[in-house]
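What follows is a single structure, written as structure tokens, with notes after it.
Chains as they are written, first to last, in the numbering used here: chain A, 1 to 361; chain B, 1 to 361.
Structure below.
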């Protein structure tokens, strides 16, 4: 359930992943290995896939990187996107290698002839193109207009994207996805909102240069979350300064938090306070860890509540599929709102797992 | 800048912190020490204050806890809120102790007479009351209507809050703040949205039982972020299963990410990719650590960009107050969009600090 109706977009196929329309919102990341090192790159891609990544992007800064694409594409379990700047010949190499999508800005690969060559090659192989506008690399004219405060950054990013789309449309290329990212959330929101009203291309959303550790997670959750709540976004990328696998985990949790896509058991646990008489943190962390590693139940879409006291505990635990409401070093287990049994704090995790196993979901 | 106009609310004073109207959005947390242990509780309150917490709440489950309130109130550097359930006499004790706000649900402290006694005592001492509705502890009748799907949980929480406010209003008590929290974001959003349309009391917002570690951070950032973007929320609490100080840090970052409140230097850094030739993660983490501990500059409201390559680096670094755009084990420092000098990767952090120190903000 979205707070607002999902913005209408056309469907674009990225390998076997359909993006846009009413398709599920896909989660993607980008490798940060040296693309020329196919072993390390594929290792990272496999991690990304294992954690639930639907699509992966690799940087293709030079010809050596382009030459390793066939091996990467052939061995990747998920569609591979080639990220290319400036050099249209790298784009041709990538298309030839069988990549599932090209990320390139037609405005920065030279004259109309280069764009036409790339567009025709992409049409022939059914390869869609993402135009990725970034606040940090706007065309000079637009960047200057922003500096002189003649237009807002959001407006400038939207104009840049539409101008680049027009270049492709002029080549009769329409298999387009667009992103307009900035590190500043209000600017990014404004850019996507304007863009969503101006076109029906699927939108790839994210906050760029979000920062390291918690700062990046928080900025991405707020930025991507507010866009999704607005009904905007067909595929998401969380940008963190750190391992890309983490981006997938955060992305999944953002979608799950808004009920946009289920990803197995969801644990809700209370913040604890002066009333808590049982170790809620240990129980919920231990449960999360055990669930993650248990293949027979980690795909079950259910809600598990771990609560510390009698104020909200029984209510919250009772409205989840399975719940635990703590007392003094013990607690009550609930199933579908009904009390099942009393357990000691030490038995809680195993009993919860047993109940989840028995759940018919 | 908000995406939508801030919802109009009246102003309520919590000690020296004004909540509602056009006042800054305050950040609060709740201690999880045993309130009877005044030493540990005050230690935690001081940590909360030091990290930027504006208001702190303590649980008052029994008379011993109430008896430690005078000492806590007298020694706390920030307004103290007493969280009370069921027993109106604890509320009277707390008011007598000089607390700055009472969190109590008039619906669960007995008959009208008890409510009147508490309301009169609160009026006399200028103590506002927060009605804190929680999905886990709805009145039986409303909880049943939700279970039978006759009304939505959001609607039920809103009704509960307004009914409880009406009990106070009947005692001519109007110094009210309201919260309506659930662990599910779409329900919570719906509850606050309905409530904001129905009254002008300041709203305390948060997602309850958000979960441990990253899950809780992400749910709070998405839930609180989408409400703030909607113009809803006068004071926020991030609920994490873990240390309350962490809640303050996350809360601050949520407000900062939406430009709602400045909190000193903000670092934006790129996610790194196959193009990166300099250790962006190390530089940004080291910079963040040094900034945090440097009292002469950690209050400066500025943006610092740490970028890894030539694609977005110069643009993003150039539009921040101070920027670093990396090359091979080195980089360029920017000030207000102008290149200042070239530095080695090892010198980058110190040079950035030096530039921030010189910034006139």
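The beta carbon of each residue, even a glycine, is placed where N, CA and C say it ideally should be. No experiment lies behind these values; they were computed from the predicted model shown.
Determine which residues share a DSSP beta bridge with residue 204/A and list them. The residue given as residue 204/A occupies position 204 in the first chain. Residue pairing for residue 204/A: DSSP places it in a beta bridge opposite 235/A.
At the 8 Å Cβ level, is residue 189/A part of the contact set with chain B, yes or no? Within the first chain, residue 189/A is the residue found at index 189, counting from 1. Yes, residue 189/A lies at the interface with chain B (some Cβ there is under 8 Å from its Cβ).
Residues in the same chain with beta-carbon distance under 6 Å from residue 209/A, minus the five sequence neighbours each way, listed in chain order, please. In the first chain, the residue the question calls residue 209/A occupies position 209. Cβ neighbours of residue 209/A beyond the five flanking positions: 183.
Alpha-carbon to alpha-carbon, residue 217/A and residue 185/A: The sequence position of residue 185/A within the first chain is 185, counting from 1. The sequence position of residue 217/A within the first chain is 217, counting from 1. Residue 185/A and residue 217/A: Cα-Cα distance of roughly 13 Å.
Using a Cβ-Cβ cut-off of less than 7 Å, list which residues of the segment 19–46 of chain B approach chain A; keep chain order. 30, 31, 32, 33, 34, 35
Answer yes or no: does any C-beta atom of chain A fall closer than 8 Å to that of residue 331/B? Reading the second chain from its first residue, position 331 is the one you call residue 331/B. It does not: the Cβ of residue 331/B has no partner Cβ on chain A nearer than 8 Å.
Alpha carbons only, please: which of 119/B, 159/B, 319/B, 321/B is nearest the one belonging to residue 135/B? Here residue 135/B corresponds to residue number 135 of the second chain, with the count starting at 1. The residue with the shortest Cα to Cα distance from residue 135/B is 159/B.
Give a yes or no on whether 8 Å exceeds the smallest Cβ distance from residue 239/A to chain B. Along the first chain, one-based indexing puts residue 239/A at 239. So, interface residue.
What are the start and end residues of the alpha helix (DSSP H) that includes residue 160/B? Within the second chain, numbered from 1, the residue matching residue 160/B stands at position 160. Note, residue 160/B: alpha helix (DSSP H), 153–170.
Could you compute how far the alpha carbon of residue 299/A sits from the alpha carbon of residue 153/B? In the first chain, residue 299/A corresponds to position 299, counting from 1. In the second chain, residue 153/B corresponds to position 153, counting from 1. Those two C-alpha atoms are separated by around 26 Å.
With a threshold of 7 Å on Cβ separation, who are the neighbours of residue 211/B within its own chain once the five nearest residues in sequence on each side are excluded? Here residue 211/B corresponds to residue number 211 of the second chain, with the count starting at 1. Once the five neighbours on either side are set aside, the close Cβ partners of residue 211/B are 219, 241.
Ignore the nearest five residues each way along the sequence and tell me which others in residue 114/A's own chain have a CB closer than 6 Å to its CB. On the first chain, residue 114/A is found 114 positions in, with the first residue counted as 1. 88.
Whole runs of the beta strand (DSSP E) within the segment 4–87 of chain B, excluding any shorter than 3 residues: 12–14, 17–19, 26–30, 55–59, 80–83
Given that residue 307/A touches chain E, what residues does it touch there, using C-beta distances under 8 Å? Chain labels in this structure do not include chain E; the protein chains are A and B.
Alpha carbon of residue 319/B to alpha carbon of residue 306/B, nearest angstrom: As a working mapping, residue 319/B is identified with position 319 in the second chain. As a working mapping, residue 306/B is identified with position 306 in the second chain. Straight-line Cα distance between these residues: approximately 12 Å.
So what does residue 252/B bridge to, in DSSP terms? Start at 1 with the first residue of the second chain, and residue 252/B comes out as number 252. Bridge partners of residue 252/B: none, in fact.
Count the CB pairs spanning the segment 26–41 of chain A and the segment 226–238 of chain A that are closer than 8 Å, and state whether there are at least three. yes
If you compare alpha carbons, which of 322/B, 271/B, 119/B, 51/B is closest to residue 392/B? An answer regarding residue 392/B cannot be provided, because it is not within the stretch 1 to 361 covered by chain B.
Whole angstroms are fine: how far does the CA of residue 224/A sit from the CA of residue 205/A? The sequence position of residue 205/A within the first chain is 205, counting from 1. The sequence position of residue 224/A within the first chain is 224, counting from 1. Rounded to the nearest angstrom, the two C-alpha atoms are 7 Å apart.
DSSP on residue 325/A, reduced to helix/strand/coil? Numbered from 1 along the first chain, position 325 holds the residue referred to as residue 325/A. In the three-state reduction of the DSSP assignment, residue 325/A falls in the strand class, which pools E and B.
Which chain B residues are close to residue 281/A, counting only those with a beta carbon under 7 Å from its beta carbon? Here residue 281/A is taken as the residue at index 281 of the first chain, counted from 1. 212, 241, 242, listed in chain order.
I want to verify the contact list: residues of chain B whose CB lies under 7 Å from the CB of residue 268/A, in sequence order. Indexing the first chain from 1 puts residue 268/A at position 268. 183, 209, 211, listed in chain order.
Partners in chain B for residue 59/A, counting only beta-carbon separations shorter than 7 Å: In the first chain, counting from the first residue as 1, residue 59/A sits at position 59. The contacting residues are 273, 274, 275.
Buried or exposed for residue 54/A, going by 16 or more other Cβ atoms inside 10 Å? In the first chain, counting from the first residue as 1, residue 54/A sits at position 54. Result: buried.
Should residue 109/B and residue 102/B be called a contact, given that it needs their Cβ atoms to be closer than 8 Å? As a working mapping, residue 109/B is identified with position 109 in the second chain. As a working mapping, residue 102/B is identified with position 102 in the second chain. The answer is no: Cβ separation not under 8 Å.
Which whole runs of the beta strand (DSSP E) in the segment 78–144 of chain A are 3 residues long or more, in chain order? 80–83, 101–103, 129–134
Just the C-alpha distance for residue 324/B and residue 45/A, rounded to the nearest angstrom, thanks. As a position in the second chain, residue 324/B is number 324, starting the count at 1. As a position in the first chain, residue 45/A is number 45, starting the count at 1. So the two alpha carbons sit approximately 29 Å from each other.
CB of residue 91/B within 8 Å of CB of residue 72/B, strictly: The residue labelled residue 91/B in the question sits at position 91 within the second chain. The residue labelled residue 72/B in the question sits at position 72 within the second chain. Contact: no.
Can you tell me whether residue 190/B is buried or exposed? The criterion is at least 16 other CB atoms within 10 Å of its CB, across all chains shown. Translated into the one-based positions of the second chain, residue 190/B becomes position 190. Per the 10 Å Cβ criterion, buried.
Option nearest residue 268/A by Cα separation, candidates 283/A, 34/A, 51/A, 125/A: The residue you call residue 268/A lines up with position 268 of the first chain. Checking every option, the nearest Cα to that of residue 268/A belongs to 283/A.
Residues bridged to residue 241/B (per DSSP): Here residue 241/B refers to the residue found at position 241 when the second chain is read from its first residue. Paired residue(s): 212/B.
Start and end residues, beta strand (DSSP E) containing residue 358/A: Position 358 of the first chain, counted from the first residue, corresponds to residue 358/A. Counting along the chain, residue 358/A falls outside any beta strand (DSSP E), though it belongs to the alpha helix (DSSP H) covering 348–358.
To the nearest whole angstrom, what separates the beta carbons of residue 145/A and residue 151/A, a pair I think is in contact under 8 Å? Stepping through the first chain from its first residue, residue 145/A is reached at position 145. Stepping through the first chain from its first residue, residue 151/A is reached at position 151. Residue 145/A to residue 151/A, Cβ: 5 Å. Contact.
Per-residue contacts from residue 285/B into chain A (C-beta, under 7 Å): Translated into positions along the second chain, residue 285/B becomes position 285. The contacting residues are 212.
Are the CB atoms of residue 254/A and residue 52/A nearer to each other than 8 Å? Taking the first residue of the first chain as 1, we reach residue 254/A at position 254. Taking the first residue of the first chain as 1, we reach residue 52/A at position 52. Not closer than 8 Å, so no.
Please state whether DSSP places residue 1/B in a helix, a strand or coil. Here residue 1/B refers to the residue found at position 1 when the second chain is read from its first residue. Summary for residue 1/B: the model assigns pLDDT 43, below 50, so the residue's position carries little reliability; its value from the coordinates is reported in the next sentence. Coil at residue 1/B, not helix or strand.
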